[in-house]
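Novice: The numbering used here numbers the first residue of the sequence shown as 370 and each following residue consecutively. Structure incoming, see below.
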Amino acid sequence: MRFPLLSARRLGLPRRAVSQILLTQLAIAAGVAVLATGLFLAPLSAQLDDQAMRRALAIAQSAAADPALAAGLLTAEPPAGGPAAADGPVQSSAERIRRATGAEYVVVMDLNGIRRSHPSPDLIGLPVSTDPRDALAGREVMEIDEGTLGRSARGKVPLVAADGEIVGAVSVGIAYDSVRDRLLGAIPGLLAYAGGALAAGALAAYLLSRRIQRQTRDLAFSDIAGLLAEREAMLHSIREGVIALDPGGRIRLVNDEAARLLGLAPDSAVAGRPLDDVLGAGRTTDVLAGRVAGRDLLTVRGRRVLVANRMPTRDGGAVATLRDRTELEHLSRELDSTRGLIDALRAQDHEHANRLHTVLGLLELGLHEEAAEFVTEVVGVHRSTAEQVTERVHDPLLAALLVGKTTVAAERGVPLRLADSTLLPDRLVDPGGLVTIVGNLVDNALDAAAGSAAPLVEVDLHAEGRTAVLRVRDSGPGVPAARREEIFTEGWSTKQPSGPRERGLGLALVRRLAQRQGGSAWAGEAADGGAEFSVVLPEALR
370 MRFPLLSARR LGLPRRAVSQ ILLTQLAIAA GVAVLATGLF LAPLSAQLDD
420 QAMRRALAIA QSAAADPALA AGLLTAEPPA GGPAAADGPV QSSAERIRRA
470 TGAEYVVVMD LNGIRRSHPS PDLIGLPVST DPRDALAGRE VMEIDEGTLG
520 RSARGKVPLV AADGEIVGAV SVGIAYDSVR DRLLGAIPGL LAYAGGALAA
570 GALAAYLLSR RIQRQTRDLA FSDIAGLLAE REAMLHSIRE GVIALDPGGR
620 IRLVNDEAAR LLGLAPDSAV AGRPLDDVLG AGRTTDVLAG RVAGRDLLTV
670 RGRRVLVANR MPTRDGGAVA TLRDRTELEH LSRELDSTRG LIDALRAQDH
720 EHANRLHTVL GLLELGLHEE AAEFVTEVVG VHRSTAEQVT ERVHDPLLAA
770 LLVGKTTVAA ERGVPLRLAD STLLPDRLVD PGGLVTIVGN LVDNALDAAA
820 GSAAPLVEVD LHAEGRTAVL RVRDSGPGVP AARREEIFTE GWSTKQPSGP
870 RERGLGLALV RRLAQRQGGS AWAGEAADGG AEFSVVLPEA LR
């Protein structure tokens, strides 16, 4: 890139891109005009020569068709040159034809090639200056040749008598100066047209250069090259995904981070392909294509939680940015779990404080047996709850989750119970994934049931062979049938955001985790009203 710029500076060419483009276009327009003029003049000269020769031949043919000319050639004696020769019948007829047609000469010759007519009477009776054998042999001749009167376009035809015998020939010449004059006369008009075309090309080049100047912001080629290099380096080095689309929804550019976040191969050829074909149907495609409006839109792609923003461009396209919020979302959910544990501990602490006060009062009143019975009952209730969960759910992570959720549910006044069919062995392939699924569904169920008249949440978790089946029922208002698919969409939620964390990811993650294991998740209506969420995970147990 530097060598042409250095050469341009040495030659004194302007540095701005628009000026160089203008000069280049003007040079091209001038070169095309000169070339077109030359290409037009070359065949024009040959065409004028051909027209002059054909005109001379036509005059000669007309003269030879005059019977009086052949008769005069046969009857008159060959005259000697000089003024006396101007009065001969052949000379008179030839001169009459010459003056009528505007030819330079009309020469009639006999079979010996002796002139019987000529514009210069002194040359009458002398042999012709060019070879007459072709014409005397009966052939018509067209040529441009040099003669006694100079260079001319000539036409020669045989002169035939009434009996069909060749008695001589007629040679007619058109002055070549007239042909050259016609050619030179055409040049000014041609140059005028070429100049007009050049002026129109210059005006178009100027207008185009002005437009380019506005679009390039009057930058030099080196500046444009530097900006392109910086743009490529920046796009492929930043830790934020960037994907550019044209007005037709086709991909213009995908940087390295966007390819990583979207799960595209680094060397995949996606430029120029429609976004729907590359990513497939889903919320991520809808967000990037602009079919979902808003800022900081959440979407799930594979195992990643992404935040997308889209900005339209002037030409009708768009540029979308992607940020990875997977780790932040994991931290947020861990924080939720910690908060749930804190709430459980707080509830237990509050309950234990009340029970300790009760025990202390019984002891101060001297009711030792009643105090012992009360402590035995409280311990038995907690022990029975934990034993009931661990007897039916053998996986320790799930059992601990359900015990903690039971305590939180009790604090919120919502009974949480296990269905009679609950039985899950300790053979889970991905216990962490099932913990996330159960935790999200139970939290949503507690929120829905908390305001109902007879609050209740029931968890049914059992195995069918190697398939894990989960059902969570609540006594809340339920989910309308028309919205049972929409609730699994990223970003959909009936709750208002409480802090910086976005809502509407829990159910979306539940379905994604289920689909990742080849299973499914859906919403329905519980037998006693409320909502029932079902998840089926094939091959979930070893």
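Beta carbons are placed, not taken as given, at the ideal position from N, Cα and C, and that holds for glycine. All values reported here derive from a predicted model rather than from experimental measurement.
Looking at the strands, I want to know which residues DSSP matches up with P527.
Specialist: Residue numbering aside, residue 527 sits at position 158 when the sequence shown is read from its first letter. Answer is A538.
Novice: Give me the Cβ distance between L644 and G618, rounded to the nearest whole Å; I'm assuming they're in contact under 8 Å.
Specialist: Within the sequence shown, numbered from 1, the residue matching residue 644 stands at position 275. Within the sequence shown, numbered from 1, the residue matching residue 618 stands at position 249. Indeed, because the Cβ distance is near 5 Å, the residues count as touching under 8 Å.
Novice: Determine the burial state of R485: buried for a count of at least 16 other Cβ atoms within 10 Å of its Cβ, exposed for fewer.
Specialist: Here residue 485 corresponds to residue number 116 of the sequence shown, with the count starting at 1. Classification for R485: buried.
Novice: Mind reading off the beta-carbon distance from G482 to P458? Whole number of angstroms is fine, and I expect it under 8 Å.
Specialist: Position 113 of the sequence shown holds residue 482. Position 89 of the sequence shown holds residue 458. Contact between G482 and P458 is absent: CB atoms are separated by about 20 Å, not below the 8 Å threshold.
Novice: Starting from S889, follow its DSSP beta bridges and name the residues at the other end.
Specialist: Residue mapping note: residue 889 aligns to position 520 of the sequence shown, counting from 1. Bridge partners of S889: V905.
Novice: Whose CA, out of L480, L666, S462, T470, lies closest to the CA of A538?
Specialist: Working through the sequence shown from its first residue, we reach residue 538 at position 169. The candidate whose alpha carbon is nearest that of A538 is L480.
Novice: Under the three-state reduction of DSSP, which class applies to H737: helix, strand or coil?
Specialist: Along the sequence shown, one-based indexing puts residue 737 at 368. Helix, per DSSP.
Novice: Could you have a look at D418 and say whether DSSP puts it in helix, strand or coil?
Specialist: Position 49 of the sequence shown, counted from the start, is the residue given in the question as residue 418. Of the three classes helix, strand and coil, the one that applies to D418 here is helix, per DSSP.
Novice: Starting from the Cα of G533, find the closest Cα among S540, G524, T727, A440 and give me that residue.
Specialist: For the purposes of this step, residue 533 is identified with residue 164 of the sequence shown, where counting begins at 1. Closest option to G533, Cα to Cα, is A440.
Novice: What three-state label does DSSP hand S461 in the structure shown?
Specialist: Taking the first residue of the sequence shown as position 1, residue 461 is located at position 92. Note: S461 maps to helix in three-state DSSP.
Novice: In angstroms with no decimal places, state the Cα-to-Cα distance between R608 and L878.
Specialist: Looking up residue 608 in the sequence shown gives position 239. Looking up residue 878 in the sequence shown gives position 509. Their backbone Cα atoms lie some 24 Å apart in a straight line.
Novice: Looking at the strands, I want to know which residues DSSP matches up with R330.
Specialist: Residue coverage of the chain in this structure runs from 370 to 911, which leaves residue 330 outside it and unanswerable.
Novice: Can you find the residues in the same chain that come closer than 6 Å, C-beta to C-beta, to Q430, ignoring five residues on each side of it along the sequence?
Specialist: Translated into the one-based positions of the sequence shown, residue 430 becomes position 61. Once the five neighbours on either side are set aside, the close Cβ partners of Q430 are V526.
Novice: Throw me the rounded Cβ distance for the A892 and I856 pair, which I believe falls under 8 Å.
Specialist: Mapped onto the sequence shown, residue 892 falls at position 523. Mapped onto the sequence shown, residue 856 falls at position 487. Contact holds; Cβ gap of about 6 Å.
Novice: Taking 6 Å as the limit between beta carbons, can you name the residues of its chain near L426, skipping five residues before and five after?
Specialist: Looking up residue 426 in the sequence shown gives position 57. If we look at L426 and ignore the five residues flanking it on each side, its Cβ neighbours are M511, G524.
Novice: I'd like the span of the alpha helix (DSSP H) that includes G507, first residue to last.
Specialist: Residue 507 sits at position 138 when you count from the first residue of the sequence shown. That residue, G507, is in no alpha helix (DSSP H); it is neither H nor E in DSSP.
Novice: Going by DSSP in three states, V669 sits in which element: helix, strand or coil?
Specialist: As a first step, residue 669 must be located in the sequence shown, where it is residue number 300. Reduced to three states, the DSSP call for V669 is strand.
Novice: Need the endpoints of the alpha helix (DSSP H) that D645 sits in, please.
Specialist: Taking the first residue of the sequence shown as position 1, residue 645 is located at position 276. First-last of the alpha helix (DSSP H) with D645: 644 to 648.
Novice: Grab me the residues of L793's own chain with a C-beta within less than 8 Å of its C-beta, minus the 5 sequence neighbours each way, in chain order.
Specialist: Residue numbering aside, residue 793 sits at position 424 when the sequence shown is read from its first letter. Closer than 8 Å at the Cβ level, and outside the excluded window around L793, lie R761, V762, H763, D764, L767, L830, H831, A832, A837.
Novice: Confirm, please, whether the CB-CB distance from V497 to V541 is below 8 Å.
Specialist: Numbered from 1 along the sequence shown, position 172 holds the residue referred to as residue 541. Numbered from 1 along the sequence shown, position 128 holds the residue referred to as residue 497. No. Outside cutoff.
Novice: Check each candidate in Q884, D812, A895, L785 and name the one with the smallest Cα separation from V848.
Specialist: One-based indexing of the sequence shown puts residue 848 at position 479. Residue nearest to V848 within the set Q884, D812, A895, L785 is A895 (criterion: CA-CA distance).
Novice: Between which two residues does the beta strand (DSSP E) holding D843 run?
Specialist: Start at 1 with the first residue of the sequence shown, and residue 843 comes out as number 474. Element bounds for D843: 836 to 843.
Novice: Pull up the distance between the alpha-carbon of Q416 and that of M422, whole angstroms please.
Specialist: For the purposes of this step, residue 416 is taken as the residue at position 47 of the sequence shown. For the purposes of this step, residue 422 is taken as the residue at position 53 of the sequence shown. Whole-angstrom Cα-Cα distance: 10 Å.
Novice: Which residues mark the beginning and the end of the alpha helix (DSSP H) in which G802 is found?
Specialist: For the purposes of this step, residue 802 is identified with residue 433 of the sequence shown, where counting begins at 1. Run containing G802: 800 to 818, per the alpha helix (DSSP H) assignment.
Novice: Compare the C-alpha of L876 against each of D897, R852, A909 and name the closest.
Specialist: In the sequence shown, the residue the question calls residue 876 occupies position 507. Of the candidates D897, R852, A909, the one whose C-alpha sits nearest the C-alpha of L876 is R852.
Novice: Taking only three categories from DSSP, how would you classify V848?
Specialist: Numbered from its first residue, the sequence shown carries residue 848 at position 479. Reduced to three states, the DSSP call for V848 is coil.
Novice: L797 and V841: beta carbons closer than 8 Å?
Specialist: Taking the first residue of the sequence shown as position 1, residue 797 is located at position 428. Taking the first residue of the sequence shown as position 1, residue 841 is located at position 472. With contacts defined as CB atoms closer than 8 Å, L797 and V841 fail to qualify as a contacting pair.
Novice: Please classify V772: does DSSP put it in a helix, a strand, or coil?
Specialist: Within the sequence shown, the letter at position 403 stands for residue 772. Helix.
Novice: Taking the CB atoms as reference points, tell me whether V529 and L443 lie closer together than 8 Å.
Specialist: If you number the sequence shown from 1, residue 529 lands on position 160. If you number the sequence shown from 1, residue 443 lands on position 74. No, they are not a contact pair.
Novice: Measuring CA to CA, which of I493, P490, L495, A432 is closest to R467?
Specialist: To locate residue 467, count along the sequence shown from 1; it is residue 98. Among I493, P490, L495, A432, the Cα nearest to that of R467 belongs to A432.
Novice: Around the C-beta of Q460, are 16 or more other C-beta atoms found within 10 angstroms, so that it is buried, or is it exposed?
Specialist: Position 91 of the sequence shown holds residue 460. By the neighbour-count rule (16 or more Cβ atoms within 10 Å), Q460 is buried.
Novice: Can you tell me which of the three DSSP states V828 falls into?
Specialist: Within the sequence shown, numbered from 1, the residue matching residue 828 stands at position 459. DSSP, reduced to helix, strand and coil, places V828 within a strand of the structure shown.
Novice: Which one or two residues does DSSP pair with P496 in a beta bridge?
Specialist: For the purposes of this step, residue 496 is taken as the residue at position 127 of the sequence shown. Answer by DSSP bridge pairing, in chain order: I483.
Novice: Going by alpha carbons, who is nearest to P824 out of G888, G899, G801?
Specialist: Position 455 of the sequence shown, counting from 1, holds the residue named residue 824. For P824, the closest of G888, G899, G801 by C-alpha to C-alpha distance is G899.
Novice: How far does the beta strand (DSSP E) with L359 in it extend, from its first residue to its last?
Specialist: Since the first residue shown for the chain is 370 and the last is 911, residue 359 is missing from the structure and cannot be characterised.
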